[in-house]
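Start counting the sequence shown at 175; every next residue gets the next number (the numbering used here).
One structure is given here, and the rest of the page talks about it.
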Amino acid sequence: MELIFTLSLLALIAAETTFLTVMQTRKAKHSKKQHLPIFVDTSVLIDGRIMAIAESGFITSTLYIPRSVVGELQFLADNADSEKRTRARHGLDIINELQALKSVKTEIFTDSTRAEEGVDNRLLKLAKEYNGAICTIDFNLNKVAQVEGITVLNVNDLAMNLRMAFLPGEKTKLELTQKGNDQHQAVGHLADSTMVVVEHASQMLGKTVEIEFIRSLQTAAGKMMFARIVGNQQPAKQPKVTPQAIRSPKGRQPEQRKEAAPRPPKEPQQASQNAQTQRPKQNNNNRRRNNEDSLIELANKQ
Numbered sequence: 175m176e177l178i179f180t181l182s183l184l185a186l187i188a189a190e191t192t193f194l195t196v197m198q199t200r201k202a203k204h205s206k207k208q209h210l211p212i213f214v215d216t217s218v219l220i221d222g223r224i225m226a227i228a229e230s231g232f233i234t235s236t237l238y239i240p241r242s243v244v245g246e247l248q249f250l251a252d253n254a255d256s257e258k259r260t261r262a263r264h265g266l267d268i269i270n271e272l273q274a275l276k277s278v279k280t281e282i283f284t285d286s287t288r289a290e291e292g293v294d295n296r297l298l299k300l301a302k303e304y305n306g307a308i309c310t311i312d313f314n315l316n317k318v319a320q321v322e323g324i325t326v327l328n329v330n331d332l333a334m335n336l337r338m339a340f341l342p343g344e345k346t347k348l349e350l351t352q353k354g355n356d357q358h359q360a361v362g363h364l365a366d367s368t369m370v371v372v373e374h375a376s377q378m379l380g381k382t383v384e385i386e387f388i389r390s391l392q393t394a395a396g397k398m399m400f401a402r403i404v405g406n407q408q409p410a411k412q413p414k415v416t417p418q419a420i421r422s423p424k425g426r427q428p429e430q431r432k433e434a435a436p437r438p439p440k441e442p443q444q445a446s447q448n449a450q451t452q453r454p455k456q457n458n459n460n461r462r463r464n465n466e467d468s469l470i471e472l473a474n475k476q
């Protein structure tokens, strides 16, 4: 019995040890995958949008800028035409700004000043050797890296995925679900929960109408778009019935009264009327400025 108990205890300890080893291995692989070294291409530095991505805190891995990439920027800044020189100098400035950021770690990777096989091939070689990723917007480098099984962080792909679902001038059908901030506005939502404010559509609540997008607005609460109704989809208004349109029982129209000619207003009254008409015009600008602020508050409440 003691022998059986000892063997059972040893088997239990071995099973626990194996389980812990497997879990630690998986955890190490997962953390290593999360912190892949990212080798930055020349095109990304010249483009400059990587600064906004780095400032947002979405990059958790270390950015490695090969010395050969810096050498290529220096060569373009010294020997290229005026346009390329300006863009290359902008890329060098981006390196300095990335190094000054606290939200992401940026290091200069020492390989060599000049890449004899070409900067693209050097980046592919470094990514394979150190099991890293390449950050680029170069179309050809992107395709080659995908063929060779290297992870690619393409800034253009990121921008395409974050763009608005619809651009100004495009049309779609939208269900209007609630009133907007102004009395004439109605609000609907797209499939990605983007709020759409439709002008002069308060009478169409609860209906699905065709709209045309006018403009978009990016707020801290998310994206917001403005649109208008396409075509004559507004409900027909009933004509007002005036006493003159009602016929008499004998079928004759009532006699029209002669209206006296309007008297010319006096000068003080005319000046006061002009002042009263100018006041709303002056207040229109303030109302328009406050309109977007109130719409942002409406988006925050969604």
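In this text, a Cβ means the ideal position worked out from N, Cα and C, and glycines have one as well.
All values derive from a computational prediction rather than experimental measurement.
### Query
The beta strand (DSSP E) spanning Asn328 covers which residue range?
325-328 is the extent of the beta strand (DSSP E) around Asn328.
### Query
When DSSP labels each residue in this structure, what does Leu379 get in the three-state scheme?
coil
#### Entry: Complete alpha helix (DSSP H) runs within the region 222-303 (minimum length 4 residues, chain order)
224-230, 241-253, 256-274, 293-303
### Task
Using three-state DSSP, classify Phe340 as helix, strand or coil.
coil
### Task
May I ask you to report which of helix, strand or coil DSSP gives Ser205?
Confidence is the limiting factor: at Ser205 the pLDDT is only 44, short of 50, which leaves the residue's position unreliable, though a coordinate-based value still follows. Ser205: helix per DSSP, three-state reduction.
### Query
In three-state DSSP terms, what is Ser367?
The answer is coil: DSSP assigns Ser367 none of H, G, I, E or B.
### Query
Hey, out of Glu373, Ile178, Glu386, Asn314, whose CA is closest to Val293's CA?
Asn314
### Message
I'd like the list of long-range same chain contacts for Lys347, defined as Cβ closer than 6 Å, with 5 residues on each side in sequence excluded.
### Response
Thr382, Glu384
### Query
In whole angstroms, what separates the C-alpha of Leu350 from that of Met334?
28 Å
### Message
Alpha carbons only, please: which of Ala365, Ser390, Gln359, Phe387 is nearest the one belonging to Ser376?
### Response
Gln359
### Delimiting residues of the beta strand (DSSP E) encompassing Leu348
Counting along the chain, the beta strand (DSSP E) containing Leu348 begins and ends at 345-349.
### Task
Report yes if the C-beta distance between Val370 and Met338 is below 8 Å; otherwise report no.
no
### Exposed unless 16 or more other CB atoms sit within 10 angstroms - verdict on Ala401
Taking every protein chain shown into account, the CB of Ala401 has 16 or more other CB atoms within 10 angstroms, so this residue is buried.
### Query
Which term fits Phe213, buried or exposed, when burial requires 16 or more other beta carbons within 10 angstroms of its beta carbon?
buried
### Task
Let me know the secondary structure DSSP gives Ser357 once reduced to three states.
The residue asked about is misnamed: residue 357 is Gln in this sequence, not Ser. Coil.
### Message
Considering just the uninterrupted stretch of the beta strand (DSSP E) at Val214, what are its terminal residues?
### Response
212-214
### Task
Please state whether DSSP places Val372 in a helix, a strand or coil.
strand
### Query
The beta strand (DSSP E) with Gly405 in it runs from where to where?
Looking at the DSSP string, Gly405 is not in any beta strand (DSSP E), and its letter there is neither H nor E.
### Query
Exposed or buried, which one is Arg288 when buried takes at least 16 other CB atoms within 10 Å?
exposed
### Message
Residues in the same chain with beta-carbon distance under 7 Å from Thr191, minus the five sequence neighbours each way, listed in chain order, please.
### Response
none
### Opposing strand residues paired with Thr310 [DSSP bridges]
The partner list for Thr310 (beta bridge, DSSP) reads Asn328.
### Message
At the level of alpha carbons, what is the spacing between Gly380 and Glu373?
### Response
15 Å
### Message
Measuring only the C-alpha atoms, how far is Glu322 from Ile282?
### Response
25 Å
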